[in-house]
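First comes the structure, then the notes that go with it.
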Amino acid sequence: MKSIYVLVVTLAVGLMCCLPIFLGPHSLHIVILTLISLIVATSWNILLLTHQISLGHAGFFGVGAYTCGALCEKFMPIVPLDILVGGIIAALFAVILGVICCRMTVWAIAIVTLAFAEVLKVLVIMVPSIADGAEGIRVPPIFGGVGYEKIACFYLVLFVSLLSLTCAYAIRKSKLYYAFAAVHDDEEAAGMLGVNPLKFKIIAFSVSAFMTGVAGGIFAHYISFIDPYTVFGLHISLDAQIMPLVGGLYTILGPVIGSFVLTSAGEVFRIYFGSGYLIAYGCILVAFVLFLPEGIVGWAQRLARR
Amino acid sequence: MPLLQVKDVYMKFGGVMAIAGVSFDIHEGEILALIGPNGSGKTTMFNLICGVFSPYSGHILFRDCQITGLKPYQICRKGIGRTFQIAKPFPKMTVLENVMVGSIYGKKNSYPLKKAREMAMSVIHSMGMEQKWDTPVTELTLPYKKRLELCKAIATEPHMLLLDEVMGGLNPSEVEEMIKLLKRIQSNGVTLLFVEHLMRAVMGLAERMVVLNHGAKIAEGSPVEVVEDLQVIEAYLGKENQFVKG
Ligand SMILES: Nc1ncnc2c1ncn2[C@@H]1O[C@H](COP(=O)(O)OP(=O)(O)OP(=O)(O)O)[C@@H](O)[C@H]1O
Ligand SMILES: [Mg+2]
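Going down the list, the sequences are from chains A and B.
With our numbering applied, the first sequence closes on residue 330, and no number is skipped along the way.
With our numbering applied, the second sequence closes on residue 614, and no number is skipped along the way.
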């Protein structure tokens with residue numbers, strides 16, 4: 025059984041590596057964006073392991089993106105160091121948020137994180153001295169803007185998304201998983217077994233925020249122009265949770281399947297339904313929540329068990 | 369020196385005094401029963417010892433060291449284990465994984481995974497749950513849920529175990545088995561403090577007992593002494609004859 029998994033994973037990664045040969049620039053662009061949202065969705069799913077639902081991952085994404093923008097503008101491009109710094113600053117924000125949220129119910133956490141992202145967005149818009157306000161800023165491309173920039177970016181994003189999946193897998197196989205799951209299911213019972221709920225909730229928050237911040241930084245460099253509406257946008261926070269929801273919450277593959285299914289569905293609908301595609305997209309989501317709440321991966325596992 | 373000292377502890381919920389000036393000691397290696405009618409404050413007493421609540425006033429000392437104000441996870445690591453009156457399994461995990469949470473995190477220095485797994489497995493064996501080790505906990509029957517609670521607490525390698533109605537809802541033969549298990553746990557050097565309504569189990573196990581009523585201690589002593597205590601019979605045995613029968 026294990027060797028089958030290894031084979032499938034190797035094949036999938038190999039196939040992904042070959043994609044630039046088959047895809048035109050537009051399709052490649054879509055795949056890159058999909059992979060970036062995959063990273064965010066994977067990190068959102070890690071936070072969920074401790075029963076914390078964030079509606080504000082756009083906040084961490086934007087912090088990562090703007091850190092890169094600001095560092096490159098004020099000093100000089102120090103890629104990929106600035107991307108890491110962006111992740112770390114996002115993680116610091118997460119520690120503060122984690123301390124605030126640790127005694128709250130999931131719903132309160134959702135609202136607090138939503139407010140966090142919105143406040144950051146408004147701050148950047150209203151205070152031009154932070155980062156040129158609503159006008160946005162330029163971010164230099166990672167690979168110097170040469171002809172193969174997009175392909176190079178694709179491989180970078182592919183690499184980082186594989187890293188994020190490896191991180192999710194490592195958590196699943198480590199001691200952390202047991203603490204996360206115990207805190208998720210019953211904080212009081214977890215405490216009685218020596219688990220400090222506060223500590224693990226904050227760990228989950230900062231790991232999740234770091235990964236999202238890194239995704240934001242890569243996005244900024246790839247798009248090479250960011251403004252608050254894009255990188256702090258609600259759609260990022262929504263995608264972050266809809267993708268795991270459709271693919272399968274609490275699973276490693278869930279965000280992968282979810283991000284690819286949803287972006288492909290979005291693209292197909294846009295071609296066939298034109299501007300009405302959002303309606304079709306919304307209908308699919310409602311259908312999933314109603315009929316397949318365990319997600320595609322959960323459903324497949326249930327079939328396999330029969 | 370007593371292992372655990374409860375000194376003049378008070379606990380208030382809103383305006384209600386749930387524990388009113390309770391003091392008692394537990395000595396190393398003994399089995400102490402905490403009994404009393406419904407709502408008399410037994411579970412609240414457990415929550416105070418375990419750090420779920422901190423007392424309104426008074427002190428709790430474990431091995432001569434103040435534990436009032438510590439968090440539950442810190443108290444667990446000092447060597448106090450606890451089971452819940454209503455079992456609190458982690459539903460997303462199997463039996464083994466549930467027990468492993470205790471064996472990984474229950475001590476000051478957390479065990480590596482492999483060692484924690486072996487240890488959890490041996491606890492599961494010693495509690496007679498080896499056939500259920502890979503079962504999702506949602507599929508367990510009540511007697512096994514109660515045993516799982518025990519396994520999880522024991523996996524933290526406690527010096528003292530607080531058991532909140534581990535016999536509740538068990539049939540007579542299951543009760544017998546549970547009594548045997550508890551005796552075996554005690555013979556391994558674990559001090560037991562248990563709350564129980566079932567008189568047969570209390571009389572069979574306890575070396576000493578403490579009786580609570582409306583949050584106050586109304587009697588303490590050997591089971592025979594306590595049962596003879598008139599005050600107890602008025603406050604408790606008189607009303608709850610099922611208690612006397614068992
Ligand atoms: N978290 C809480 N908030 C408010 N009141 C509480 C709380 N926990 C317990 N109480 C009150 O404290 C009193 C003692 O309750 P406790 O659960 O300790 O009783 P008990 O002796 O364990 O009873 P039982 O035999 O039914 O388990 C009750 O009046 C209860 O309503
Ligand atoms: Mg109780």
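The C-beta atom is built at its ideal place from N, Cα and C for all residues, glycine as well.
Computed from a prediction, not measured in an experiment: that's the story for all the values here.
So which residues on chain B does Ala233/A lean against when the C-beta distance must stay under 8 Å? By Cβ distance, chain B contributes nothing, its closest Cβ being about 24 Å from Ala233/A, past 8 Å.
With 7 Å as the C-beta to C-beta threshold (strictly closer), list the residues of the region 447 to 463 of chain B near chain A in chain order. Residues passing the 7 Å Cβ filter: Arg450, Phe452, Lys456, Phe458, Pro459, Lys460, Met461.
Excluding five sequence neighbours on each side, which residues of the same chain lie with their C-beta closer than 8 Å to the C-beta of Leu464/B? Non-local C-beta neighbours of Leu464/B in its own chain, meaning closer than 8 Å and more than five positions away in sequence, comprise Arg485, Ala488, Met489, Ile492, Trp501, Asp502, ordered along the chain.
Would you say Val390/B and Lys551/B are within 8 Å of each other, going by their C-beta atoms? Against a cut-off of 8 Å, the Cβ pair of Lys551/B and Val390/B comes out as no contact.
Nearest to Leu309/A by CA position, among Ala289/A, Ile295/A, Leu327/A, Arg326/A, is which residue? Residue Ala289/A is the option with its Cα nearest to Leu309/A.
Anticipated Cβ contact below 8 Å, Ile112/A with Phe293/A, distance rounded: Between Ile112/A and Phe293/A, the beta carbon gap of about 38 Å keeps them out of contact (Cβ cut-off 8 Å).
Classification of Val321/A by the beta-carbon crowding that lies within 10 angstroms, buried from 16 upward: Buried: at least 16 other Cβ atoms inside 10 Å.
Using a Cβ cut-off of 8 Å (strictly closer), state whether Gln610/B contacts chain A. The pLDDT assigned to Gln610/B is 40, lower than 50, so where the model puts this residue is not dependable, and the model offers no usable value.
How about Lys145/A: is its C-beta nearer than 8 Å to some C-beta of chain B? For Lys145/A, the answer is no, since every Cβ of chain B falls outside 8 Å of its Cβ.
Are there 16 or more other CB atoms within 10 angstroms of the CB of Gly272/A, so buried, or fewer, so exposed? Here Gly272/A is buried, its C-beta having at least 16 other C-beta atoms within 10 Å.
Does the pairing of the region 453 to 460 of chain B with the region 194 to 214 of chain A give three or more beta-carbon distances under 8 Å? With three or more CB-CB distances shorter than 8 Å, the region 453 to 460 of chain B counts as touching the region 194 to 214 of chain A.
For ligand 1, is there a heavy atom less than 7 Å away from the beta-carbon of Ser248/A? No, the beta carbon of Ser248/A sits no closer than 7 Å to any heavy atom of ligand 1.
Helix, strand or coil, according to DSSP, for Asp251/A in the structure here? In the three-state scheme derived from DSSP, where H, G and I count as helix and E and B as strand, Asp251/A is classed as coil.
Among Leu508/B, Tyr441/B, Leu400/B, Gly426/B, the one whose alpha carbon lies nearest that of Pro221/A: If you compare the alpha carbons of Leu508/B, Tyr441/B, Leu400/B, Gly426/B with that of Pro221/A, the shortest gap goes to Tyr441/B.
Simplified DSSP assignment, three categories, for Arg431/B: Coil, per DSSP.
Check whether the region 83 to 97 of chain A touches the region 314 to 329 of chain A, counting contact only when three or more Cβ pairs, one atom from each stretch, lie closer than 8 Å. With a cut-off of 8 Å, the region 314 to 329 of chain A and the region 83 to 97 of chain A do not count as touching, because too few Cβ pairs lie within range.
6 Å CB neighbourhood of Gly237/A in its chain, flanking five on each side removed: Only Phe84, Val87, Gly88, Gly110, Gly111, Ala114 meet the Cβ criterion.
Cβ-based neighbour list, Ile161/A, same chain, cut-off 7 Å, excluding 5 preceding and 5 following: Excluding the 5 residues flanking it on each side, Ile161/A has same chain C-beta neighbours closer than 7 Å at Gly93, Glu97, Ala155, Ile250, in chain order.
Specify the secondary structure class of Gln325/A as computed by DSSP and reduced to three states. DSSP places Gln325/A in helix when its eight states are reduced to three.
Give a yes or no on whether the C-beta atoms belonging to Val181/A and Ile56/A are separated by under 8 Å. Between Val181/A and Ile56/A, the C-beta gap is smaller than 8 Å, which places the two residues in contact.
Is Asp376/B helix, strand or coil by DSSP? In the three-state reduction of the DSSP assignment, Asp376/B falls in the strand class.
My understanding is that Val579/B touches Ile403/B, with C-beta atoms under 8 Å, so please give their C-beta distance in whole angstroms. Going by Cβ atoms, the distance from Val579/B to Ile403/B rounds to 6 Å, so yes, they are a contact pair.
Can you determine whether any heavy atom of ligand 1 sits closer than 7 Å to the C-beta of Lys410/B, and answer yes or no? Because some heavy atom of ligand 1 lies under 7 Å away, the Cβ of Lys410/B counts as near it: yes.
Roughly how many angstroms lie between the CA atoms of Ile102/A and Val151/A, to the nearest whole one? In this model, Ile102/A and Val151/A are separated by some 25 Å (Cα to Cα).
Out of Pro591/B, Val563/B, Pro526/B, Met571/B, point me to the one whose CA is closest to Gly557/B's CA. For the residues Pro591/B, Val563/B, Pro526/B, Met571/B, the minimum Cα distance to Gly557/B belongs to Pro526/B.
What residue range does the alpha helix (DSSP H) around Thr411/B cover? Element bounds for Thr411/B: 410 to 418.
According to DSSP, simplified to helix, strand and coil, what is Ser78/A? Correct three-state label for Ser78/A: coil.
Quick one: is the Cβ of Gln554/B within less than 7 Å of any heavy atom of ligand 2? Not so, every heavy atom of ligand 2 lies at least 7 Å from the Cβ.
Evaluate the contact criterion for the region 294 to 305 of chain A versus the region 53 to 70 of chain A: three or more CB pairs, one atom per stretch, below 8 Å. Segments in contact, no.
Could you give the distance in angstroms between the alpha-carbon of Lys613/B and the alpha-carbon of Phe562/B? Note that Lys613/B scores 36 on pLDDT, short of 50, meaning its location in the model is unreliable; the coordinates nonetheless yield the value given after this. Their Cα atoms are separated by approximately 20 Å.
Give the C-beta separation of Ile428/B and Val377/B to the nearest angstrom, bearing in mind that I take them to be a contact with Cβ-Cβ under 8 Å. The distance from the Cβ of Ile428/B to that of Val377/B is about 7 Å, consistent with a contact at the 8 Å cut-off.
With a cut-off of 8 Å, does the C-beta of Ala206/A fall near any C-beta of chain B? When Cβ-Cβ separations below 8 Å define contact, Ala206/A makes contact with chain B.
Identify every residue that forms a DSSP beta bridge with Phe562/B. In the DSSP output, where bridge partners are listed per residue, Phe562/B has Ala401/B, Leu531/B.
Quick check: Pro370/B and Ile394/B, are their CB atoms within less than 8 Å of each other? Yes, the Cβ-Cβ distance between Pro370/B and Ile394/B is below 8 Å.
Measuring from the CB of Gly407/B, is there a heavy atom of ligand 1 at a distance below 7 Å? Indeed, a heavy atom of ligand 1 lies less than 7 Å from the Cβ.
Distance between Thr74/A and Phe611/B (C-alpha atoms, nearest Å): With a pLDDT of only 40 at Phe611/B, under 50, the local geometry of the prediction cannot be trusted, and the value read off the model is given with reservation. Their backbone Cα atoms lie some 43 Å apart in a straight line.
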